[in-house]
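Novice: Take this structure, written in structure tokens, and hold onto it; I'll ask about it next.
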Ligand SMILES: *Cc1c(COP(=O)(O)O)cnc(C)c1O
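Written out as structure tokens, the structure reads:
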């Protein structure tokens, strides 16, 4: 898919108009799992074909899910979308929709631990083969392609190593080999718009930045209408049949959190940039795409929507597991954030990815990809006084022996 290079994700959101049943400024919530029909033959029709504005059963479609899906499709510039019960529900449905037994997937080796485990441990039982590659090595990606490959799977900005996927080049490789480019954009909503560069499908964990209040688990798939409809097909759609559709009540609460996503992303990015610079000034090893020292800083600048900055995620190397653990405990004690997995919260969240969110990846493989056990992954919060937060973090890092 290719969308306008000047596309602005927040503009679409601002222009969406939904009215509630009584003219409410918020759309009505449809709290029903099933829908009545006046004529029996109408029900037969809808089982065979989707009829615009007609609902059958909420695992298939629910009006509230439709509002949220449309809004998310708007943010990514996609014609269609569907919301899922989790990010993993979205990712697994897409993979199983594309692949039959005997097919292959090319996947970046530095991805979310759950996705990695699904590809590595779960898909073999369906005889779907996965070739893990260094996604920054385009030659390796190209060489992994075969006539059986159905997709290239990557994260726009990878979890947790902050590798940037060259979406332009990857979509070229995908097109040439008749494969789909599927991009997980969970780390960089609004910051990167993968459809600008020819991605075919975008997946999200809404649990993170998009919902932003750490009170919901949800996911989304965005893409061409034909593909989304195939996921929801009553006879062979993987979301419809495996049942990963989101509950409509939850969709309503996530929709309301979406409205200030642009402001939150700007503030997350601003604070992350400030901390990254300050950590670097202290002589610490920090990985953040906004820093010139990031090996793909220039590539990131060719991909991002500058208004929204470089995102809210950064990676700090504390040198050893013991120091990382101590530093995180002290940072929590000094009230700079929480020692917790996940991301996109108003408070800073920090965790050691090697022994938590990426623990599905074996120690040996972690070493090979540069995932040391002294790493601290930070999802930087919305702090107004980030200068004070930094001073407290500096004290914690110093006390933990991170600085020399
Ligand atoms: C959290 C996360 C997922 C999984 O999402 P859930 O909502 O927890 O299922 C997938 N990809 C990335 C990059 C994530 O951070």
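Residue numbers (the numbering used here): 25 to 428.
Glycine residues also receive a C-beta, built at the ideal position from the N, C-alpha and C atoms.
Are residue 183 and residue 211 touching if we call contact CB-CB under 8 Å?
Specialist: Reading the chain shown from its first residue, position 159 is the one you call residue 183. Reading the chain shown from its first residue, position 187 is the one you call residue 211. Cβ atoms of residue 183 and residue 211: closer than 8 Å.
Novice: To the nearest angstrom, how far is it from the Cα of residue 79 to the Cα of residue 250?
Specialist: The residue labelled residue 79 in the question sits at position 55 within the chain shown. The residue labelled residue 250 in the question sits at position 226 within the chain shown. Distance between the alpha carbons of residue 79 and residue 250 is about 18 Å.
Novice: For the region 33–40 and the region 283–298, state whether three or more C-beta atom pairs, one from each stretch, are separated by less than 8 Å.
Specialist: Contact annotation: the region 33–40 touches the region 283–298, with at least three C-beta pairs closer than 8 Å.
Novice: For residue 80, verify whether its CB is less than 7 Å away from any heavy atom of ligand 1.
Specialist: Indexing the chain shown from 1 puts residue 80 at position 56. The answer is no for residue 80.
Novice: Is residue 367 close to ligand 1? I mean its beta-carbon at under 7 Å from any heavy atom of the ligand.
Specialist: Taking the chain shown and counting its residues from 1, the one referred to as residue 367 is at position 343. Yes, the beta carbon of residue 367 sits closer than 7 Å to at least one heavy atom of ligand 1.
Novice: Among 149, 45, 377 and 115, whose alpha-carbon lies nearest the alpha-carbon of residue 126?
Specialist: Within the chain shown, numbered from 1, the residue matching residue 126 stands at position 102. Closest option to residue 126, Cα to Cα, is 149.
Novice: Determine, using beta carbons only, whether residue 390 and residue 398 come nearer to each other than 8 Å.
Specialist: One-based indexing of the chain shown puts residue 390 at position 366. One-based indexing of the chain shown puts residue 398 at position 374. No, the pair does not count as a contact, with Cβ atoms beyond the cut-off.
Novice: Please determine whether the Cβ atom of residue 212 lies at a distance below 7 Å from any heavy atom of ligand 1.
Specialist: What you label residue 212 is simply residue 188 of the chain shown in a count that begins at 1. No, the beta carbon of residue 212 sits no closer than 7 Å to any heavy atom of ligand 1.
Novice: Following the continuous beta strand (DSSP E) through residue 107, name the residue where it begins and the one where it ends.
Specialist: The residue labelled residue 107 in the question sits at position 83 within the chain shown. It spans 104–108 - the beta strand (DSSP E) in which residue 107 sits, taken as one unbroken run.
Novice: So is the beta-carbon of residue 241 under 7 Å away from any non-hydrogen atom of ligand 1?
Specialist: Taking the first residue of the chain shown as 1, we reach residue 241 at position 217. In this structure, residue 241 has its beta carbon less than 7 Å from a heavy atom of ligand 1.
Novice: DSSP on residue 253, reduced to helix/strand/coil?
Specialist: For the purposes of this step, residue 253 is taken as the residue at position 229 of the chain shown. Reduced to three states, the DSSP call for residue 253 is helix.
Novice: Could you tell me the alpha carbon to alpha carbon distance between residue 186 and residue 383, rounded to whole angstroms?
Specialist: On the chain shown, residue 186 is found 162 positions in, with the first residue counted as 1. On the chain shown, residue 383 is found 359 positions in, with the first residue counted as 1. Spanning the two alpha carbons is a distance of roughly 17 Å.
Novice: Can the beta-carbon of residue 360 be found closer than 8 Å to that of residue 417?
Specialist: The sequence position of residue 360 within the chain shown is 336, counting from 1. The sequence position of residue 417 within the chain shown is 393, counting from 1. Yes, the pair counts as a contact, with Cβ atoms nearer than the cut-off.
Novice: Please report the residue range of the alpha helix (DSSP H) in which residue 65 lies.
Specialist: The residue labelled residue 65 in the question sits at position 41 within the chain shown. DSSP places residue 65 inside the alpha helix (DSSP H), whose first and last residues are 64–72.
Novice: Spatial neighbours of residue 238 within its chain, please: C-beta separation below 7 Å, excluding the five flanking residues on both sides.
Specialist: What you label residue 238 is simply residue 214 of the chain shown in a count that begins at 1. Listed in chain order, the non-local C-beta contacts of residue 238 below 7 Å within the same chain comprise 366 and 369, local neighbours out to five positions each way being set aside.
Novice: So, helix, strand or coil for residue 305, using DSSP?
Specialist: In the chain shown, residue 305 corresponds to position 281, counting from 1. Three-state result, residue 305: helix.
Novice: Return yes when at least one heavy atom of ligand 1 lies under 7 Å from the C-beta of residue 231, else no.
Specialist: Position 207 of the chain shown, counting from 1, holds the residue named residue 231. Yes.
Novice: Taking residue 81 as part of the beta strand (DSSP E), name the residues at either end of that continuous run.
Specialist: Against the chain shown, residue 81 aligns to sequence position 57. Taken as a continuous stretch (DSSP letters only), residue 81 belongs to no beta strand (DSSP E), as it is neither H nor E.
Novice: Would you please verify whether the beta carbon of residue 211 is less than 8 Å from any beta carbon of chain E?
Specialist: In the displayed structure, chain E is absent; only one protein chain is listed.
Novice: Does the Cβ-Cβ distance between residue 84 and residue 258 come in under 8 Å?
Specialist: What you label residue 84 is simply residue 60 of the chain shown in a count that begins at 1. What you label residue 258 is simply residue 234 of the chain shown in a count that begins at 1. Yes, the pair counts as a contact, with Cβ atoms nearer than the cut-off.
Novice: Closest by CA to residue 122, which one among 112, 99, 225 and 155?
Specialist: Taking the first residue of the chain shown as position 1, residue 122 is located at position 98. Of the candidates 112, 99, 225 and 155, the one whose C-alpha sits nearest the C-alpha of residue 122 is 225.
Novice: Residue 157 and residue 195 - do their beta-carbons sit closer together than 8 Å?
Specialist: To locate residue 195, count along the chain shown from 1; it is residue 171. To locate residue 157, count along the chain shown from 1; it is residue 133. Using a Cβ distance threshold of 8 Å, residue 195 and residue 157 do not count as a contacting pair.
Novice: Is DSSP giving residue 385 helix, strand or coil here?
Specialist: Against the chain shown, residue 385 aligns to sequence position 361. Reduced to three states, the DSSP call for residue 385 is coil.
Novice: Could you tell me whether any non-hydrogen atom of ligand 1 is closer than 7 Å to the CB of residue 12?
Specialist: With the chain covering only 25 through 428, there is no way to say anything about residue 12.
Novice: Where do the N-terminal and C-terminal ends of the beta strand (DSSP E) with residue 4 fall, by residue?
Specialist: With the chain running from 25 to 428 in the structure shown, residue 4 is simply not present.
Novice: Does the Cβ-Cβ distance between residue 128 and residue 90 come in under 8 Å?
Specialist: Within the chain shown, the letter at position 104 stands for residue 128. Within the chain shown, the letter at position 66 stands for residue 90. Against a cut-off of 8 Å, the Cβ pair of residue 90 and residue 128 comes out as no contact.
Novice: Does the region 88–106 touch the region 335–354, meaning 3 or more C-beta pairs lie closer than 8 Å?
Specialist: no
Novice: In three-state terms, what does DSSP make of residue 378?
Specialist: The residue labelled residue 378 in the question sits at position 354 within the chain shown. Helix.
Novice: Does the structure place the region 253–269 close enough to the region 324–336 that three or more beta carbon pairs sit under 8 Å?
Specialist: no
Novice: Residues in its own chain within less than 7 Å of residue 270 by CB, not counting five upstream and five downstream?
Specialist: The sequence position of residue 270 within the chain shown is 246, counting from 1. The residues are 89, 107, 108, 109 and 242.
Novice: Assuming residue 333 and residue 314 make a contact with CB atoms under 8 Å, what is their CB distance in whole Å?
Specialist: Counting from one through the chain shown, the residue named residue 333 turns up at place 309. Counting from one through the chain shown, the residue named residue 314 turns up at place 290. That pair is a contact at about 7 Å.
Novice: Is it buried or exposed, residue 407, if we count other Cβ atoms within 10 angstroms and call 16 or more buried?
Specialist: Taking the chain shown and counting its residues from 1, one reaches residue 407 at position 383. Counting Cβ neighbours within 10 Å, residue 407 comes out buried, since at least 16 surround it.
Novice: Using 8 Å for Cβ pairs, my map puts residue 206 next to residue 117. What's the rounded Cβ distance?
Specialist: By one-based count along the chain shown, residue 206 stands at place 182. By one-based count along the chain shown, residue 117 stands at place 93. About 11 Å separates the two Cβ atoms, so there is no contact after all.
Novice: Since residue 341 sits in a beta bridge, which residues does DSSP pair it with?
Specialist: The residue labelled residue 341 in the question sits at position 317 within the chain shown. In the DSSP assignment, the residues bridged to residue 341 are 309 and 399.
Novice: Relative to the C-alpha of residue 275, which residue among 40, 54, 46 and 43 is closest?
Specialist: As a working mapping, residue 275 is identified with position 251 in the chain shown. It is 54.
Novice: Starting from the N-terminal side, write out each stretch of the beta strand (DSSP E) that is 3 residues or longer and does not extend beyond the region 130–165.
Specialist: 153–157
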